[in-house]
Amino acid sequence: MRLIFMIAVLAAGLLYTFYAFNTLNFLSASGRLGPGFFPQILGLGIVSMTLISVITEARRMRATTNYFAAPADAFPGSALLIICMSVLYLIGLRLFGAIPGSIVFLLAMFWMISRGKPILNTVIAVMAPVLIYLLFRQLLSASMPEGLIPLPF
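Position 71 (the sequence shown) corresponds to 66 in the numbering used here; numbering is contiguous.
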């Protein structure tokens, strides 16, 4: 089951990387780092690290005689939920832009992972995208994905 999960993550990483390279520019028109800089590097990192994990797991699987005797909860439903939420995040980025899409995604992820600290989760979910925006947009003069639906902020 771990190998199947890693292959699924690899497929999602390949789709993410394909999206990053085909829709986002590495450099802006002025020659500065563009909106595709970080997603393209991140996508390549996801694909390479997951590929290494798939190869390592396949080797471990070959060395183990009773590999498929895994417990029933080896692939929890939460992993599938995280994959679906990540795909929805990509759609949200396209529709609403970087900051609102990231805030909603992080709120949903924190709600799923750590329900006991709603105030801290909310502060982090709001502050992280805002700080990333300030870093990339203001400090590095790199553009951030803007949504198709115009928002008032």
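Note that CB positions come from ideal geometry on N, CA and C, so glycine has one too.
Flag this pair as yes or no: are the beta carbons of residue i and residue j separated by less than 8 Å?
i: residue 77; j: residue 124; result: no
i: residue 84; j: residue 72; result: no
Going straight from the alpha carbon of residue i to that of residue j, what length do you get?
i: residue 39; j: residue 2; result: 15 Å
i: residue 41; j: residue 114; result: 30 Å
i: residue 139; j: residue 59; result: 47 Å
i: residue 120; j: residue 48; result: 29 Å
i: residue 88; j: residue 141; result: 8 Å
i: residue 82; j: residue 100; result: 10 Å
i: residue 79; j: residue 143; result: 21 Å
i: residue 112; j: residue 102; result: 11 Å
i: residue 118; j: residue 98; result: 10 Å
i: residue 8; j: residue 30; result: 18 Å
i: residue 131; j: residue -2; result: 36 Å
i: residue 12; j: residue 4; result: 12 Å
i: residue 23; j: residue 133; result: 15 Å
i: residue 46; j: residue 6; result: 10 Å
i: residue 26; j: residue 50; result: 38 Å
i: residue 44; j: residue 122; result: 28 Å
DSSP three-state label for residue i, please.
i: residue 22; result: strand
i: residue 31; result: coil
i: residue 72; result: helix
i: residue 142; result: coil
i: residue 92; result: strand
i: residue 109; result: coil
i: residue 136; result: coil
Could you tell me how far apart the beta carbons of residue i and residue j are, in whole angstroms, since I believe they sit closer than 8 Å?
i: residue 74; j: residue 0; result: 6 Å
i: residue 126; j: residue 28; result: Contact flag wrong, Cβ pair sits at about 17 Å.
**Study point:** Validate contact between the region 32 to 41 and the region 0 to 20 using beta carbons, cut 8 Å, 3 pairs
**Key:** yes
**Study point:** Touching by the beta-carbon criterion (3+ pairs, under 8 Å), the region 98 to 109 and the region 42 to 54
**Key:** no
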